[in-house]
Amino acid sequence: MTDQSYTPPQDPASFSNYRAISILHAHFDWTINWEHRTIGGSVAHTFEAHSENVTEIVLDTSYLTIHKVAVLNPRTTAEVVLKTHVGERHPVLGCPLTISLPNALGSGDRITLQIDYNTTTACTALGWLKPAQTASQKHPFLYSQCQAIHARSLIPIQDTPSVKFTYTAVARSYLPVLFSGLLTSEPPLPPIDPKVVRVWRAEQPVKIPSYLVAIAAGQLTFRPMGNRTGIWADPATINAAHAEFADSTERFVAAAEKIVGVDYDWGRYDALVLPPSFPYGGMENSNLTFLTPSLLTGDKSLVDVVAHEIAHSWFGNNVGCANWGSFWLNEGFTTYLERLILRELHGDAERSFSYIIGKKALDDALREFKDQPRFQQLEIEYELGEDPDLAFSTVPYDKGANFLLYLEKVVGGLDVFLPYVGAYVRAFKGKSLDTKMWKAHLLKYFAEHDADASRKLDSVDWEAWLHGQGLELPVTVEYDTSLADAAYALAKRWEEACNVPEKRKFDRSDIVHFSSNQIVVFLEKLDSCHDTLPNELVHLMNQVYAFDESQNQEIRLRWYAIALKAGAFTDRAAGWVKNKGRMKFARPTYRALYKVDPSLAQQTFKDNEAFYHPICRAMLAKDLALA
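Pasting the structure below:
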């Protein structure tokens, strides 16, 4: 049980001295230089000291050019330029920026500093796209991805989820600019003229961590979906995006509010469909979720990604981890709530079906980390300067969600567990915490509210769940398989056909009534129960079911996993993955291709290297032994 004075230890992924003094508010004043692919201008940080005799501020930076740091004092026009020192570059953490203060600060004292700077072309947060890489192919595009520790390459900042702050922003650009906040200047989107630079403004009145600072700019248009929801996209994509998400987005927000019992705090919920180089399925940037265009299937089968990002409005964005070692508090709770949203709208079986799909992804991730067993843990103790991107996988999502599902069952079901979930959000609203604080609150809550449930929690093997390694969960969690049974049965038929040619009697009607997710489960089950299908059977499967032509990218991902093991469809897989920036698709497909045709995998990546966001590019280079 933690005491009231406990605070999480220093974040090992940050140089900043945020425990002594931290950012309360930031004002970004930026100009986008499309020609040189940089952002220049300033940030004005308002700091508050938390201890006595604070004489310096240390910020995180990476690949930034710092021009000047000065005190902002509204009572005088005199400029006080401060002494600064940019430290030696660390290969992961970047460079510490140390600012000497003019006077020592005491606890509670505040100071506002303006830092003039610009990004460089080495910035790891920004993706710059040529017109040909966008849907309309008329104008360039810019977007950011700051999670986990890339905000420091966009802004000199305390780049740790332990620090939360509000912000205001101004950006100058001839193309429309959006932020992870509320637009405060909403000019009608005028005809784009490269000679006319416009000013775009936004504010974020809710405190957020640095990784949620986001910017996107390009040829964009907007379509409302509900009173508080809307969709942004390229004009060539907006109709498909609106059709895909309009029916579900508001219902997801309302369902989450009902389940958690805490209102949506952020005012508006809008989403932006990005070009295909975006490295994630979605990114929960506050007020403006970034989405991959791979979700635009036309049949709305992948909209649960939006449910996940909406769930982050409570877990991660509001109540969030204090360091990346407790990242599962963000993603485990979010995945747990996402699946409760599916239950609220579609029933218990749909919730279990989502757990079944997630379990296969979890099994794959645990196997991928067999030589790095630390990354199989829910809570990871990172070493100083270790890159949290290296551990990115479905482990915090699905192992975390299974842990919470298990705890739900232990204490007596949803009627007992959901009141705790709401109490947890209310207790830590707007705060950052670590796993130790979470566990202490959980035990305290049930000790005070439900003695029977509290006794039942004594049976939990906390060490096995939080720090256990290996390929299995500490406890087998049972799911309702009713939506998966037909997919399992079809997988069994194909497995039997491997050795009995006369059983190779298949027809398109086998899957005509399957949902897209049932097809995914069929392919995953077949992949997990049979190491390698015979090459001729892979070709027969495609002849019958035409998976190689599916518009659902989740199906294509699983199909190529099976096909590449058999050494089949290598050219088709390479042609598909070359423009898939989403790491969920790119990394496993490149790795599978590399196993059967290393030269094709490496050459495909080299030919398309500039397409990928810097985060994805770095991961793929490692996967393909090119870094």
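13 is the number of the first residue of the sequence shown in the numbering used here; add one for each residue after it. Cβ coordinates follow ideal geometry from the N, Cα and C atoms, glycine included.
With respect to L141, S338 sits apart: the two C-beta atoms are not nearer than 8 angstroms. Between H324 and Y179, the C-beta gap is not smaller than 8 angstroms, which leaves the two residues out of contact. For the pair D609 and T582, the Cα-to-Cα distance works out to about 8 angstroms.
Out of W477, F365 and I523, the CA that lies nearest to the CA of E490 is found in F365. Scanning T73, R584 and A403 for the CA closest to the CA of T172 turns up T73. D282: member of the beta strand (DSSP E) spanning Y281 to V285, first to last residue. When DSSP states are grouped into helix, strand and coil, A181 belongs to the strand group. The C-beta distance from V209 to V331 rounds to 39 angstroms, too long to fall under 8 angstroms, and the pair is not in contact.
In the three-state DSSP reduction, C510 falls in the coil class, being neither helix nor strand. DSSP places L454 within a helical segment (H, G or I) once states are collapsed to three. Nearest Cα to S527 within the set Y367, L416 and E362: E362.
In the same chain as E215, and ignoring 5 residues on each side of it, the C-beta atoms closer than 6 angstroms to its own belong to T180, G193, L194 and T196, in chain order. Around the CB of Y432, 16 or more other CB atoms lie within 10 Å, so the residue is classed as buried. In this structure, A319 is the residue among G310, E380, A319 and L378 with its C-alpha nearest to the C-alpha of L354.
Excluding the 5 residues flanking it on each side, V407 has same chain C-beta neighbours closer than 6 angstroms at A377, in chain order. Pairing L76 with Y129 gives a Cβ-Cβ distance under 8 angstroms. Secondary structure note for E60: its beta strand (DSSP E) is the uninterrupted segment T50 to A61. Restricting attention to R603, L36, P21 and E566, the CA atom closest to the CA of T309 is found in E566. Counting only unbroken stretches of 3 or more residues, no beta strand (DSSP E) element lies wholly within the segment 375–436.
The three-state reading of DSSP puts K270 in helix, counting H, G and I together. Note on geometry: alpha-carbon atoms of K596 and L154 lie some 21 angstroms from one another. Contact between the segment 212–232 and the segment 252–259 is absent: fewer than three C-beta pairs spanning the two stretches fall below 8 angstroms. About 6 angstroms separates the beta carbon of A573 from that of A604, a gap short enough to meet the 8 angstroms contact definition. Look at H79 here: in three-state DSSP terms it is strand.
According to the DSSP assignment, I353 belongs to no beta strand (DSSP E) but to the alpha helix (DSSP H) extending over W340 to H358. Checking the DSSP bridge columns, you'll see N130 partnered with G52 and T77. Distance from the CA of N511 to the CA of A503, rounded to the nearest whole angstrom, comes to 14 angstroms. Excluding five sequence positions before and after S306, the CB atoms of its chain that fall closer than 6 angstroms to its own CB belong to Q565 and R594, given in chain order.
In the DSSP assignment, A116 falls within the unbroken beta strand (DSSP E) covering C107 to L117.
A residue is called buried once 16 or more other Cβ atoms fall within 10 Å of its Cβ, and Y606 is buried on that count. G587 has no beta-bridge partner at all, per DSSP. Boundaries of the alpha helix (DSSP H) around A633: P626 to D635. Straight across, the Cα-Cα distance linking N335 with W450 is about 13 angstroms.
D275 carries a coil assignment under DSSP once its states are collapsed to helix, strand and coil. Distance from A61 to G120 at the Cβ level is roughly 7 angstroms; contact confirmed, criterion being Cβ atoms closer than 8 angstroms. Of the residues S444, T124, P291 and G273, the one whose Cα lies closest to the Cα of F623 is P291.
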